[in-house]
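Visitor: Okay, here's the structure, questions in a sec.
Protein chains: 2
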Amino acid sequence: MTEEKKDENEMTEEKKNENVVFIGKKGVMGYVLAVVTQFNNGMSEVILKARGKLISRAVDVAEITKNRFLTGVTIKDIQIKTEELTSEDGSLSKVSAIEITLAK
Amino acid sequence: MTEEKKDENEMTEEKKNENVVFIGKKGVMGYVLAVVTQFNNGMSEVILKARGKLISRAVDVAEITKNRFLTGVTIKDIQIKTEELTSEDGSLSKVSAIEITLAK
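Below is the structure:
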């Protein structure tokens, strides 16, 4: 149940704002395309954000973008942190998060 | 089938050499304990290594160690890369990997 709630949170955060790409439950290539589009729209930096089990998908997106699609792009910075989520019943849970900054 | 082979690889690499802790299928707290033990044995740096879906567990281990057990420890460096694995039938598969360096 808690798992399902988390999923919903991630889905609502999947909308992109500015140069941030939130990693959700979609396939890896969808996020790679989102990153490529951001760079093609003139962004010099794109930040990938992911939480929990989706962290590994963010790393996949960064690596595939860098190695296969935009070879001029480098990984500028990687930050990890712990975020606190409040579920609907008011209970607090902690989840790891990552932010990967890609730059060209 | 491929999934199972990968698991075996990860299991054999789970043995610790020097100041490296390979993240495998065990619970998070087991790896936190391994990191704490390394620092208590006099290491000034401990490197967490993980591949594929286990990347998110490595981030959990780093965050829990830093926030709950060794508050003097900081995240010194995070590297991500792509590794090539050869399975038993000779086919090549690529997998993302992470290395998190903790230092006190």
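First to last, the sequence lines map onto chains A and X. Using this note's numbering, read the first sequence as starting at 1 and increasing by one per residue. Using this note's numbering, read the second sequence as starting at 1 and increasing by one per residue. All C-beta atoms in this analysis are idealised placements derived from N, C-alpha and C, irrespective of residue type, glycine included.
Can you tell me whether residue 66 of chain A is buried or exposed? The criterion is at least 16 other CB atoms within 10 Å of its CB, across all chains shown.
Guide: Here residue 66 of chain A refers to the residue found at position 66 of the first sequence. It counts as buried.
Visitor: In chain X, what lies closer than 9 Å to residue 62 of chain A by C-beta?
Guide: As a working note, residue 62 of chain A is residue 62 in the first sequence. Here the neighbours are 80, 96.
Visitor: DSSP state of residue 46 of chain A, grouped into three classes?
Guide: Counting from one through the first sequence, the residue named residue 46 of chain A turns up at place 46. Residue state, collapsed to three classes: strand.
Visitor: Using 8 Å as the limit for Cβ to Cβ distance, is residue 90 of chain X near chain A?
Guide: Within the second sequence, numbered from 1, the residue matching residue 90 of chain X stands at position 90. No, no contact with chain A.
Visitor: Do residue 22 of chain X and residue 53 of chain X come within 8 Å of each other at the CB atom, strictly closer than that value?
Guide: The sequence position of residue 53 of chain X within the second sequence is 53, counting from 1. The sequence position of residue 22 of chain X within the second sequence is 22, counting from 1. Contact: no.
Visitor: Given residue 46 of chain A, which residues of its chain have a CB within under 7 Å of its CB, disregarding the five upstream and five downstream residues?
Guide: Counting from one through the first sequence, the residue named residue 46 of chain A turns up at place 46. Result list for residue 46 of chain A: 19, 21, 35, 38, 39, 102, in chain order.
Visitor: So the candidates are A:94, A:104, A:84, A:80; which of them puts its Cα closest to the Cα of residue 99 of chain X?
Guide: Translated into the one-based positions of the second sequence, residue 99 of chain X becomes position 99. Of the listed residues, the one whose Cα sits closest to residue 99 of chain X is A:80.
Visitor: Output yes or no for whether 8 Å exceeds the beta carbon distance between residue 95 of chain A and residue 83 of chain A.
Guide: In the first sequence, the residue the question calls residue 95 of chain A occupies position 95. In the first sequence, the residue the question calls residue 83 of chain A occupies position 83. The answer is yes: Cβ separation under 8 Å.
Visitor: Using a Cβ cut-off of 8 Å, which residues of the region 37-63 of chain A contact any Cβ in chain X, in chain order?
Guide: Answer set for the region 37-63 of chain A: 52, 53, 54, 55, 56, 59, 60, 62, 63.
Visitor: On the DSSP bridge assignment, give the partners of residue 102 of chain X in chain order.
Guide: Residue numbering aside, residue 102 of chain X sits at position 102 when the second sequence is read from its first letter. Looking at the DSSP assignment, residue 102 of chain X forms a beta bridge with X:46, X:75.
Visitor: Residues of the region 66-80 of chain X in Cβ contact with chain A at a cutoff of 7 Å, in chain order, please.
Guide: Within the region 66-80 of chain X, the residues whose Cβ lies closer than 7 Å to some Cβ of chain A are 67, 75, 78, 80, listed in chain order.
Visitor: Can you look up residue 87 of chain A in the DSSP assignment and give me helix, strand or coil?
Guide: Taking the first residue of the first sequence as position 1, residue 87 of chain A is located at position 87. It is coil, neither helix nor strand.
Visitor: Helix, strand or coil for residue 54 of chain A, going by three-state DSSP, please let me know.
Guide: Here the question's residue 54 of chain A lines up with position 54 in the first sequence. Correct three-state label for residue 54 of chain A: helix.
Visitor: Going by DSSP, what residue range makes up the alpha helix (DSSP H) through residue 39 of chain X?
Guide: Here residue 39 of chain X is taken as the residue at index 39 of the second sequence, counted from 1. Here the alpha helix (DSSP H) through residue 39 of chain X covers 28-40.
Visitor: Measuring CB to CB, does residue 56 of chain X end up less than 8 Å from residue 104 of chain X?
Guide: Translated into the one-based positions of the second sequence, residue 56 of chain X becomes position 56. Translated into the one-based positions of the second sequence, residue 104 of chain X becomes position 104. Cβ atoms of residue 56 of chain X and residue 104 of chain X: not closer than 8 Å.
Visitor: Terminal residues of the continuous beta strand (DSSP E) containing residue 22 of chain A?
Guide: For the purposes of this step, residue 22 of chain A is identified with residue 22 of the first sequence, where counting begins at 1. It spans 20-22 - the beta strand (DSSP E) in which residue 22 of chain A sits, taken as one unbroken run.
Visitor: Let me know the secondary structure DSSP gives residue 25 of chain X once reduced to three states.
Guide: Along the second sequence, one-based indexing puts residue 25 of chain X at 25. Coil, per DSSP.
Visitor: So with Cβ pairs under 8 Å, would you call residue 5 of chain A a contact of chain X?
Guide: To locate residue 5 of chain A, count along the first sequence from 1; it is residue 5. Reliability of the predicted coordinates at residue 5 of chain A is poor, the pLDDT of 48 falling under 50, and the value obtained from them is presented with this limitation in mind. It does not: the Cβ of residue 5 of chain A has no partner Cβ on chain X nearer than 8 Å.
Visitor: Would residue 31 of chain A and residue 61 of chain A qualify as a contact pair, given that the criterion is a beta-carbon distance under 8 Å?
Guide: For the purposes of this step, residue 31 of chain A is taken as the residue at position 31 of the first sequence. For the purposes of this step, residue 61 of chain A is taken as the residue at position 61 of the first sequence. Cβ atoms of residue 31 of chain A and residue 61 of chain A: closer than 8 Å.
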